[in-house]
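Numbering (the numbering used here), first residue to last: 3 to 439.
What follows is the structure, encoded as structure tokens:
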């Protein structure tokens with residue numbers, strides 16, 4: 003466990019002109035490791051994010067009998083093929099704070115015969131409802147214990163005859179979609195997922211890149227994803243690039259610090275992940291993506307940002323899913339510009355590491371920013387002249403996105419702000435505080 007620590011910000015940031023690299027993509031790191039575990043032979047993964055969440059993925063896979071070595075800044079995953087997990091020592095897998103790992107790992111375990119494993123997380127994750135994956139995975143044929151419980155810790159008993167399913171994903175959850183697709187790898191027949199709301203597609207991209215039997219069709223505004231399972235997967239080589247969610251706080255800081263410029267190099271610019279940039283452009287932000295190339299099924303480019311005046315927005319609902327992790331930062335931006343911003347269709351934020359709408363509202367109200375919220379919306383009455391008269395103390399509640407957002411808020415305001423529990427930032431971006439100095 004990380005040692006608890008707080009960050010005290012005493013001074014508002016001054017203008018800067020920098021070129022940086024940010025932490026590599028957490029979503030792809032999880033997926034690459036998990037998929038490689040089901041391939042035949044060694045897969046070479048360059049640029050795996052070494053955050054607490056991803057380290058827990060590696061530890062869990064090792065406990066399940068997967069050999070993983072680090073050599074010359076690469077992770078080599080020695081896959082043993084489909085349904086090759088072994089019973090872990092002490093029969094317990096600890097997934098820390100990662101909802102992504104919990105859901106996707108459970109999906110793989112669920113399709114392994116003769117495997118009965120207990121999965122548990124930290125105190126925060128153990129409060130999050132897992133019903134979204136319990137229901138579809140139960141239909142596949144696995145069993146969850148206790149039967150009437152929908153939060154971790156849970157014991158999962160894999161099935162020897164997993165059944166292909168037709169799943170309709172209405173919430174725009176990439177975690178649920180990915181869990182079903184990973185289960186489908188080990189399931190006989192064709193599993194289909196119809197997406198009513200489009201979410202990040204890293205799982206589909208990677209499966210396509212390694213030539214799995216996956217097809218994606220566009221039906222009106224929906225995606226229909228079909229995957230034929232129980233077909234051997236070949237090992238692969240993959241380079242993972244910068245995480246757009248890790249680029250986001252630096253984009254926000256640059257836009258709101260007069261006279262500043264920033265170039266962020268080698269960032270994953272997957273169209274399903276750049277909703278944050280699209281929303282900011284609608285707010286008059288000066289952001290450009292340069293040198294865009296496609297690598298291993300993913301778009302990678304350099305992001306150039308220049309400070310300027312932003313205007314308020316009524317955020318389009320169609321951009322919500324592609325900016326879901328960046329909304330805490332959007333709320334911070336809205337609080338320090340002139341005008342009223344409204345964000346709707348954001349109920350998913352209440353089911354993350356914390357209730358992110360409520361959590362940010364508390365912090366903004368503390369500094370005198372007026373807000374109005376419903377179950378799935380937040381209205382923020384911005385004030386560019388806000389000042390902190392005495393040291394403000396805020397509590398991210400073990401939510402790394404909230405902690406990062408409060409650090410950005412502190413750098414934008416006159417006055418002192420103390421952010422508690424900043425150790426949680428290590429779950430996704432261990433080098434954040436060092437990079438921002």
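Virtual Cβ for every residue (Gly too), placed ideally from N, Cα, C.
First through last residue of the beta strand (DSSP E) which encompasses residue 194: The residue given as residue 194 occupies position 192 in the chain shown. Looking at the DSSP string, the run of the beta strand (DSSP E) that includes residue 194 is 192-197.
Determine, using beta-carbon pairs with one atom in the segment 39-56 and one in the segment 67-76, whether at least three such pairs fall under 8 Å. yes
Pick from 91, 359, 177: whose alpha carbon is nearest that of residue 131? Residue mapping note: residue 131 aligns to position 129 of the chain shown, counting from 1. Here the closest residue by C-alpha is 177.
Going by beta-carbon coordinates alone, are residue 351 and residue 359 separated by less than 8 Å? For the purposes of this step, residue 351 is taken as residue 349 along the chain shown, with counting starting at 1. For the purposes of this step, residue 359 is taken as residue 357 along the chain shown, with counting starting at 1. Their beta carbons are under 8 Å apart, which means residue 351 touches residue 359 by this criterion.
Within the chosen definition, does the segment 199-214 reach the segment 146-166 through at least 3 CB pairs nearer than 8 Å? The answer is no - the segment 146-166 does not touch the segment 199-214, with fewer than three Cβ pairs under 8 Å.
Suppose contacts are defined by Cβ-Cβ distances below 8 Å. Is residue 15 in contact with residue 321 by that definition? Position 13 of the chain shown, counted from the first residue, corresponds to residue 15. Position 319 of the chain shown, counted from the first residue, corresponds to residue 321. Cβ distance not < 8 Å, so residue 15 and residue 321 don't count as in contact.
Rounded separation between residue 10 and residue 435 - CA only: On the chain shown, position 8 is the one that residue 10 refers to. On the chain shown, position 433 is the one that residue 435 refers to. The alpha-carbon atoms of residue 10 and residue 435 are separated by roughly 12 Å.
Let me know the secondary structure DSSP gives residue 42 once reduced to three states. Within the chain shown, numbered from 1, the residue matching residue 42 stands at position 40. For residue 42, the three-state secondary structure derived from DSSP is strand.
Under 8 Å between C-beta atoms of residue 1 and residue 193: As displayed, the chain neither begins before 3 nor continues past 439, which places residue 1 out of reach and without an answer.
First and last residue of the uninterrupted alpha helix (DSSP H) at residue 408: Along the chain shown, one-based indexing puts residue 408 at 406. 402-414 is the extent of the alpha helix (DSSP H) around residue 408.
Identify every run of the alpha helix (DSSP H) within the segment 64-134, keeping only runs that are complete inside it and at least 4 residues long; order them along the chain. 101-112
Quick check: the Cα distance between residue 323 and residue 174, rounded to an integer number of angstroms? Counting from one through the chain shown, the residue named residue 323 turns up at place 321. Counting from one through the chain shown, the residue named residue 174 turns up at place 172. Rounded to the nearest angstrom, the two C-alpha atoms are 6 Å apart.
Buried or exposed: residue 1, going by 16 or more other Cβ atoms within 10 Å of its Cβ? Past the boundaries of the shown model lies residue 1; the chain is included only from 3 to 439, so the question cannot be answered.
Please report whether the beta-carbon of residue 118 lies at a distance below 8 Å from any beta-carbon of chain B. The structure shown contains no chain B; it holds only a single protein chain.
Measuring only the C-alpha atoms, how far is residue 181 from residue 425? To locate residue 181, count along the chain shown from 1; it is residue 179. To locate residue 425, count along the chain shown from 1; it is residue 423. One C-alpha to the other measures close to 28 Å.
Take residue 342 as the anchor and find which of 188, 313, 115 has the nearest alpha-carbon. Position 340 of the chain shown holds residue 342. Selected option, being the one with the closest Cα: 313.
Are the CB atoms of residue 221 and residue 235 within a distance shorter than 8 Å? Start at 1 with the first residue of the chain shown, and residue 235 comes out as number 233. Start at 1 with the first residue of the chain shown, and residue 221 comes out as number 219. No, the Cβ-Cβ distance between residue 235 and residue 221 is not below 8 Å.
Neighbourhood of residue 155 by C-beta, 7 Å cutoff - its chain only, sequence neighbours within 5 removed: Start at 1 with the first residue of the chain shown, and residue 155 comes out as number 153. 120, 121, 122, 128, listed in sequence order.
Buried or exposed: which applies to residue 198, given that a residue is buried once 16 or more other Cβ atoms fall within 10 Å of its Cβ? Within the chain shown, residue 198 is the residue found at index 196, counting from 1. The residue in question, residue 198, is exposed, as its Cβ has fewer than 16 Cβ neighbours within 10 Å.
Where does residue 408 land, buried or exposed, given buried means 16+ other C-beta within 10 angstroms? Start at 1 with the first residue of the chain shown, and residue 408 comes out as number 406. Answer is buried; the Cβ neighbour count reaches 16.
Less than 8 Å between the CB atoms is what I'm expecting for residue 244 and residue 107, so what's the real figure, rounded? Here residue 244 is taken as the residue at index 242 of the chain shown, counted from 1. Here residue 107 is taken as the residue at index 105 of the chain shown, counted from 1. Going by Cβ atoms, the distance from residue 244 to residue 107 rounds to 25 Å, so no, they are not a contact pair.
Burial state of residue 398, where buried means 16 or more other Cβ atoms lie within 10 Å: If you number the chain shown from 1, residue 398 lands on position 396. Residue 398 comes out buried.
Hey, quick one: how far does the alpha helix (DSSP H) through residue 289 stretch, first residue to last? For this step, residue 289 is matched to residue 287 along the chain shown. No alpha helix (DSSP H) contains residue 289, which is instead part of the beta strand (DSSP E) from 288-297.
By Cβ distance below 6 Å, which residues in the same chain neighbour residue 157 in space, the five residues on each side in sequence not counted? Counted from its first residue, the chain shown places residue 157 at position 155. If we look at residue 157 and ignore the five residues flanking it on each side, its Cβ neighbours are 120, 147.
With which residues is residue 271 paired in a DSSP beta bridge? As a working note, residue 271 is residue 269 in the chain shown. Paired residue(s): none; residue 271 is not in a bridge.
Rounded straight-line distance, which links the Cα of residue 224 to that of residue 40: Locating residue 40 in the chain shown gives position 38, counting from the first residue. Locating residue 224 in the chain shown gives position 222, counting from the first residue. Spanning the two alpha carbons is a distance of roughly 29 Å.
Taking the alpha-carbon of residue 195 as reference, which of 179, 370, 349, 102 has the nearest alpha-carbon? Residue 195 sits at position 193 when you count from the first residue of the chain shown. The shortest Cα separation from residue 195 among 179, 370, 349, 102 belongs to 179.
On the three-pair Cβ rule with 8 Å, is the segment 240-258 touching the segment 300-310? yes
Contacts around residue 226, its chain only, beta-carbon distance under 6 Å, and the 5 residues preceding and following it disregarded: Residue 226 sits at position 224 when you count from the first residue of the chain shown. Result list for residue 226: 196, 219, in chain order.
Alpha carbon to alpha carbon, how far is residue 249 from residue 372? Give it in angstroms, no decimals. Against the chain shown, residue 372 aligns to sequence position 370. Against the chain shown, residue 249 aligns to sequence position 247. Spanning the two alpha carbons is a distance of roughly 28 Å.
Pick from 237, 300, 184 that is closest to residue 102, judged by C-alpha positions: Residue 102 sits at position 100 when you count from the first residue of the chain shown. The residue with the shortest Cα to Cα distance from residue 102 is 184.
What's the C-alpha gap between residue 241 and residue 355? Counting from 1 along the chain shown, the entry for residue 241 is found at position 239. Counting from 1 along the chain shown, the entry for residue 355 is found at position 353. Those two C-alpha atoms are separated by around 28 Å.
By DSSP, does residue 329 sit in helix, in strand, or in coil? Counting from 1 along the chain shown, the entry for residue 329 is found at position 327. Looking at residue 329 - three-state DSSP - the assignment turns out to be helix.
Spatially closest choice to residue 319 from 208, 348, 37, by CA coordinates: Residue mapping note: residue 319 aligns to position 317 of the chain shown, counting from 1. The alpha carbon of residue 319 has as its nearest neighbour, out of 208, 348, 37, the alpha carbon of 348.
Is it true that the CB of residue 283 sits closer than 8 Å to the CB of residue 289? Here the question's residue 289 lines up with position 287 in the chain shown. Here the question's residue 283 lines up with position 281 in the chain shown. Going by C-beta atoms, residue 289 is nearer than 8 Å to residue 283.
Given a threshold of 16 other Cβ atoms within 10 Å of its Cβ, counted over all protein chains shown, does residue 124 qualify as buried or as exposed? The residue you call residue 124 lines up with position 122 of the chain shown. Buried: at least 16 other Cβ atoms inside 10 Å.
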